[in-house]
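There are 2 protein chains.
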Amino acid sequence: MATTAKKPPMSKDSLLPLLMGHVLAHGLGQASLRPLAKAAGTSDRMLIYHFGSKEALIADLLTHIAGVYAAMLDAALAASPRPGNRAELLAGLLAQNGDPAMQPFQMLWWEIVAGSARDLPGFRAAAQAMVTKLLGWLEAQMPAGEPDPAGGARFLLTAIEGAAMLAAVGHPDTAQDGLLAGGLLQA
Amino acid sequence: MATTAKKPPMSKDSLLPLLMGHVLAHGLGQASLRPLAKAAGTSDRMLIYHFGSKEALIADLLTHIAGVYAAMLDAALAASPRPGNRAELLAGLLAQNGDPAMQPFQMLWWEIVAGSARDLPGFRAAAQAMVTKLLGWLEAQMPAGEPDPAGGARFLLTAIEGAAMLAAVGHPDTAQDGLLAGGLLQA
DNA sequence: TCGAATCTGTAGCGAATGCTACATCATCTT
DNA sequence: AAGATGATGTAGCATTCGCTACAGATTCGA
């Protein structure tokens, strides 16, 4: 009689989005099996069954997150008009990074960077995938008439990531000022 | 008879350098009381006694690390000649960041950034202190005749941190290429 | 239909976690 | 000398950790 859905068959693919939600909300550092399982509506027992180990779960989860990120960029690329110049592109990127909706993703990103720096299993690959994707997206978004789109995209990427880091440590204006002084932004 | 030193009185100040050594070697994420105590030649019991709680210990440790970092920059400032131009300064900074001896510090740095992004107690303050110190150091190191040393320092800081992040995630050349394309480095 | 393979729940294990109770020892004041 | 104060060791507690053993349940092919 009850409206409870009986059999949505559980699988990695059905679990990963729920796990991602928990990790976005609470961070990777505090991600232990029982809370993760609770967030996904299962038990730690099942997580181990499907993923084999926590280490494998985290690795799978990171690749899934990288995939979601890539899809987001693809959607953004299809939706947004090509900016007219570098400053406009950079300003848009900074605004998007600063968007509160992006904050959980940003916080997760720094945990991935830290894990990548320590070469924890799965972290380096996910971080590289996301950076590579972002770099490609940037090249595609470079304004028409750029003499060196690849180099320009790499330049912007470096600036964006530096700005994101400074924002993360509570120097929100420092990067803005620097990019203005460097002529990458217009007042 | 034995040459064992009996009473070096234990204190926060005597413990912090040893704790820092352990954290540089193994990371903050795996820093639990018993291993930390072992590295410092004590017991978890004593760490709690001196610091009150693990949370307070970590906060004290981060402040200490920020102080050590500041002292390192002061020493470097006194020792190094003023570079002749921005590209020279930037190249020197990138080389220093890439130095293998700096790698433990870099890995720790990303953990601090991640903690700061999540606003873990003590992390934001330590990160801000270090960034502020580095920014001041950069301003003092800006080549003579710079029209806007403060803005230039912020610009370089953004670039350096972006480059460091890209190196941490296994894109070691991307930032280099970008900074070349951006005219901040000379080939 | 029936056996086999695939799922899932319950219960728990051994280790590690942060922290505490209690007793002991050293030192310092009066 | 006597007591007070601070420092240290031993032992343990309650909780959480990743993971496993075991037993039902379910599903699917023969």
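If you read the sequences in order, they're chains A and B. When we follow the working numbering, the leftmost residue of the first sequence carries the number 9, and every step to the right adds one. When we follow the working numbering, the leftmost residue of the second sequence carries the number 9, and every step to the right adds one. Glycine is no exception: its CB is placed at the ideal position from the N, C-alpha and C atoms.
If you run the structure through DSSP and keep just helix, strand and coil, what is residue i?
i	result
Leu-41 of chain A	helix
Arg-94 of chain B	helix
Met-18 of chain A	coil
Thr-11 of chain A	Because Thr-11 of chain A sits at a pLDDT of 36, beneath the cut-off of 50, its placement in the model cannot be relied upon, and the following sentence gives the value as read from the coordinates. Thr-11 of chain A: coil per DSSP, three-state reduction.
Pro-89 of chain A	coil
Thr-182 of chain A	helix
Asp-52 of chain A	helix
Ala-195 of chain A	coil
Val-76 of chain B	helix
Val-177 of chain B	coil
Gly-100 of chain A	helix
Gly-170 of chain A	helix
Gly-35 of chain B	coil
Gly-29 of chain A	helix
Asp-107 of chain A	coil
Whose CA, out of the options, lies closest to the CA of residue i?
i	options	result
Pro-25 of chain A	A:Lys-46, A:Gln-104, A:His-72 and A:Phe-59	A:His-72
Leu-101 of chain B	B:Gln-149, B:Asp-185 and B:Met-28	B:Gln-149
Glu-96 of chain A	A:Pro-17, A:Gln-38, A:Pro-151 and A:Thr-50	A:Pro-151
Met-80 of chain B	B:Met-138, B:Leu-44, B:Phe-59 and B:Pro-108	B:Met-138
Ala-78 of chain B	B:Gly-29, B:Asp-181 and B:Thr-140	B:Thr-140
Leu-85 of chain B	B:Ser-22, B:Glu-147 and B:Glu-169	B:Glu-147
Ser-22 of chain A	A:Ala-195, A:Leu-32 and A:Leu-55	A:Leu-55
His-179 of chain B	A:Ala-48, A:Ala-135, A:Met-110 and A:His-58	A:Ala-135
Gly-60 of chain A	A:Ala-167, A:Ala-103 and A:Lys-20	A:Lys-20
Arg-53 of chain B	B:Met-28, B:Met-18 and B:Leu-69	B:Met-18
Ala-109 of chain B	B:Leu-27, B:Leu-192, B:Ala-33 and B:Glu-119	B:Ala-33
Gly-106 of chain B	B:Leu-128, B:Gly-37 and B:Ala-172	B:Ala-172
Gly-37 of chain A	B:Ala-122, B:Ala-45 and B:Gly-153	B:Ala-122
Gly-49 of chain B	B:Tyr-57, B:Gly-35 and B:Leu-27	B:Leu-27
Arg-132 of chain A	A:Glu-119, A:Gly-144 and A:Leu-143	A:Glu-119
Gly-29 of chain B	B:Tyr-57, B:His-58 and B:Val-76	B:Val-76
Gly-153 of chain B	B:Gln-104, B:Gly-92 and B:Ser-88	B:Gly-92
Write down the C-beta distance between residue i and residue j rounded to the nearest angstrom, noting that I regard them as a contact closer than 8 Å.
i	j	result
Gly-160 of chain A	Ala-189 of chain B	6 Å
Val-31 of chain B	Leu-69 of chain B	7 Å
Ala-7 of chain A	Ala-125 of chain B	Only positions 9 to 195 of chain A appear in the structure, and residue 7 of chain A is not among them; the question remains open.
Gly-35 of chain B	Met-115 of chain B	7 Å
Thr-1 of chain A	Leu-143 of chain B	Residue 1 of chain A lies beyond the residue range present for chain A, which begins at 9 and ends at 195; the question has no answer from this structure.
Leu-98 of chain A	Leu-164 of chain A	6 Å
According to the neighbour-count rule (16 or more other Cβ atoms, all chains shown, within 10 Å of its Cβ), is residue i buried or exposed?
i	result
Gln-184 of chain B	buried
Arg-94 of chain A	buried
Arg-42 of chain B	exposed
Ser-40 of chain A	exposed
Arg-90 of chain B	exposed
Gln-194 of chain A	exposed
Glu-63 of chain A	exposed
Ala-83 of chain B	exposed
Met-9 of chain B	Reliability fails at Met-9 of chain B, whose pLDDT of 39 lies under 50, so the model's placement of it is uncertain and the value that follows must be treated cautiously. Exposed, by the Cβ-count rule.
Gly-130 of chain A	buried
Ala-45 of chain A	buried
Ala-67 of chain A	buried
Ala-103 of chain A	exposed
Worksheet item: Which ranges does the alpha helix (DSSP H) cover as unbroken runs of at least 4 residues, wholly within the segment 120 to 168 of chain A, from first to last along the chain?
Response: Taken in chain order, the unbroken stretches of alpha helix (DSSP H) that lie wholly in the segment 120 to 168 of chain A and span 4 residues or more are 131 to 149.
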